[in-house]
Amino acid sequence: MNASIHDVAKRAGVSIATVSRVVNNSAGVKESKVAAVKEALEYYDYQPSQFGRGLVTGTSKMIGVYSPLAGGSMFESGYMLECLRGIDNIIRESSYSLLLMNESVSYEKSEKAKPKFIEYVNQKKIDGLIVLTIPSDGRLEGALSAIIEDDFPVGYIGKRFGEKGMNVYASYEEYMMDGIRRLYEKGHREIAFLPMKSRSATNQKIKSKAEIKYSGLKVNITDTTSDIDIEFLRDILEYMMEEELVTAMIVEDLRLLAKVQSILSTMGKQIGNDISVICVEHVKNEGAKMLPKIDCYYVPALQLGETIATELLDNLTGKKTKEISKRFMPEYIERGSVKEIE
Numbered sequence: 001m002n003a004s005i006h007d008v009a010k011r012a013g014v015s016i017a018t019v020s021r022v023v024n025n026s027a028g029v030k031e032s033k034v035a036a037v038k039e040a041l042e043y044y045d046y047q048p049s050q051f052g053r054g055l056v057t058g059t060s061k062m063i064g065v066y067s068p069l070a071g072g073s074m075f076e077s078g079y080m081l082e083c084l085r086g087i088d089n090i091i092r093e094s095s096y097s098l099l100l101m102n103e104s105v106s107y108e109k110s111e112k113a114k115p116k117f118i119e120y121v122n123q124k125k126i127d128g129l130i131v132l133t134i135p136s137d138g139r140l141e142g143a144l145s146a147i148i149e150d151d152f153p154v155g156y157i158g159k160r161f162g163e164k165g166m167n168v169y170a171s172y173e174e175y176m177m178d179g180i181r182r183l184y185e186k187g188h189r190e191i192a193f194l195p196m197k198s199r200s201a202t203n204q205k206i207k208s209k210a211e212i213k214y215s216g217l218k219v220n221i222t223d224t225t226s227d228i229d230i231e232f233l234r235d236i237l238e239y240m241m242e243e244e245l246v247t248a249m250i251v252e253d254l255r256l257l258a259k260v261q262s263i264l265s266t267m268g269k270q271i272g273n274d275i276s277v278i279c280v281e282h283v284k285n286e287g288a289k290m291l292p293k294i295d296c297y298y299v300p301a302l303q304l305g306e307t308i309a310t311e312l313l314d315n316l317t318g319k320k321t322k323e324i325s326k327r328f329m330p331e332y333i334e335r336g337s338v339k340e341i342e
């Protein structure tokens with residue numbers, strides 16, 4: 001029977017507030033009313049939501065997991081899926097549940113729009129928040145700083161942007177610069193860089209630093225998304241290969257690389273022989289399953305998720321109050337997809 005709290009209150013002859021107090025085992029309710037409410041609950045087989053419990057207890061037993069990227073990015077990104085697996089590994093062993101929050105397209109298009117998690121925090125629908133990534137445009141930092149200053153428990157995956165809060169990060173800028181260095185030392189001077197759009201500002205910074213540091217180097221950047229149009233990608237690759245004469249590329253995601261490889265094959269180009277490639281893997285040895293095997297930076301997304309979930313859970317349960325920031329340096333795994341040229 002699909003009943004609401006209003007139906008339960010009506011049958012028991014009490015207010016909705018009384019039903020909530022009985023559900024949450026609050027004191028001060030007459031035994032006769034408790035009995036009436038319990039009878040109504042059993043009659044309707046009513047299961048109160050965790051949100052409803054939170055209105056009375058001040059705790060929802062829910063942890064929000066938020067992605068600021070619009071669309072289906074949370075489930076199309078190998079990185080985010082691994083982070084989610086890590087978070088779930090920890091939270092499912094606790095008394096808390098997870099609430100996933102993907103951002104809307106309207107948020108991405110409007111600079112005045114507030115991030116979705118604000119409503120959940122204000123209405124006490126979540127007890128803590130985990131943010132899967134911090135875009136480099138700085139837009140999210142203000143909203144997060146505000147709730148962190150109010151002592152709301154927040155853990156985020158990304159480089160630290162303030163004194164308070166909990167974060168873990170994988171030194172993105174450092175390992176991308178290291179990848180460029182490796183290619184440069186192998187003789188490559190025209191390099192294509194296909195990173196994710198969410199890091200656009202950081203990617204431009206990497207390009208500038210690399211071109212200043214390495215004489216004669218040119219880095220050709222095209223920001224990408226998980227649902228990039230295949231024909232647009234084809235046009236970009238044809239331009240880079242035929243006009244810019246790139247000899248190597250860094251691709252941020254193995255799923256994107258599969259699309260790149262398919263297009264390159266129609267152009268008669270082979271990874272390893274005609275163009276050197278470095279990619280990023282979030283499941284160890286995932287790059288070894290491709291043909292040919294791909295040199296990759298292994299970014300331990302599962303461990304990032306487990307670590308930030310553990311820190312947030314410790315904060316919520318009173319085990320730790322100290323601010324933490326943990327850095328993970330990805331491992332470079334050489335598999336032969338980078339060739340030396342003269």
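Residue numbering for the sequence shown follows the UniProt record's numbering, starting at 1 and increasing by one per position.
For each residue, glycine too, the CB sits at the ideal point set by N, CA and C.
Remember, predicted model here, so these are calculated numbers, not experimental data.
With DSSP as the reference, label residue i as helix, strand or coil.
i, result
"N102", "strand"
"M74", "helix"
"K218", "strand"
"L132", "coil"
"S110", "coil"
"A143", "helix"
"S97", "strand"
"I308", "helix"
"A248", "strand"
"E340", "coil"
"L316", "helix"
"V260", "helix"
"I148", "helix"
"D137", "coil"
"I5", "helix"
"G272", "coil"
"L302", "helix"
"G13", "coil"
Residue i and residue j: beta carbons closer than 8 Å?
i, j, result
"G165", "L304", "no"
"E340", "I324", "no"
"E190", "V246", "yes"
"I294", "S262", "no"
"L98", "S198", "no"
"S136", "S200", "yes"
"M80", "S67", "yes"
"N220", "A248", "no"
"L313", "I118", "no"
"residue 427", "L256", "The question about residue 427 has no answer here: the residues shown for the chain are numbered 1 through 342."
"M196", "E252", "yes"
"A12", "V37", "yes"
"A170", "V22", "no"
"I278", "R181", "no"
"G78", "L194", "no"
"V8", "Y46", "yes"
"M74", "N102", "yes"
"I130", "E173", "no"
"residue 365", "Y156", "Only positions 1 to 342 of the chain appear in this structure, which leaves residue 365 out of reach."
"L144", "V154", "yes"
"G179", "I250", "yes"
Which residue comes first and which comes last in the alpha helix (DSSP H) that contains residue i?
i, result
"I87", "G78 to I91"
"Y239", "I230 to E242"
"residue 361", "Any question about residue 361 goes unanswered here, given that the chain covers just 1 to 342."
"Y332", "Element bounds for Y332: not the alpha helix (DSSP H) but the beta strand (DSSP E), E331 to I333."
"S20", "I16 to V23"
"G162", "First-last for G162: undefined, no H or E at that position."
"E173", "Y172 to E185"
Using the rule of at least 16 other Cβ atoms within 10 Å of the residue's Cβ for burial, across every protein chain shown, is residue i buried or exposed?
i, result
"N315", "buried"
"M329", "exposed"
"N122", "exposed"
"I308", "buried"
"A35", "exposed"
"N25", "exposed"
"G187", "exposed"
"E93", "exposed"
"L100", "exposed"
"E281", "buried"
"A210", "buried"
"G318", "exposed"
Provide the residue span of the beta strand (DSSP E) that contains residue i, from first to last.
i, result
"R327", "I324 to R327"
"K207", "That residue, K207, is in no beta strand (DSSP E); its alpha helix (DSSP H) goes S200 to K213."
"A192", "E190 to L194"
"M267", "M267 -> no beta strand (DSSP E), and no H or E assigned at all."
"E39", "First-last for E39: E31 to Y44, but that is the alpha helix (DSSP H), not the beta strand (DSSP E)."
"D295", "D295 to Y298"
Count Cβ pairs between the segment 104-111 and the segment 35-50 that sit closer than 8 Å; are there 3 or more? no
State whether the segment 111-129 contacts the segment 277-297, with contact taken as three or more CB pairs (one from each stretch) at a distance under 8 Å. no
On the three-pair Cβ rule with 8 Å, is the segment 133-150 touching the segment 261-280? no
Does the segment 205-216 touch the segment 230-241, meaning 3 or more C-beta pairs lie closer than 8 Å? no
Counting Cβ pairs, one atom from each stretch, are 3 or more of them under 8 Å apart for the segment 150-162 and the segment 219-238? no
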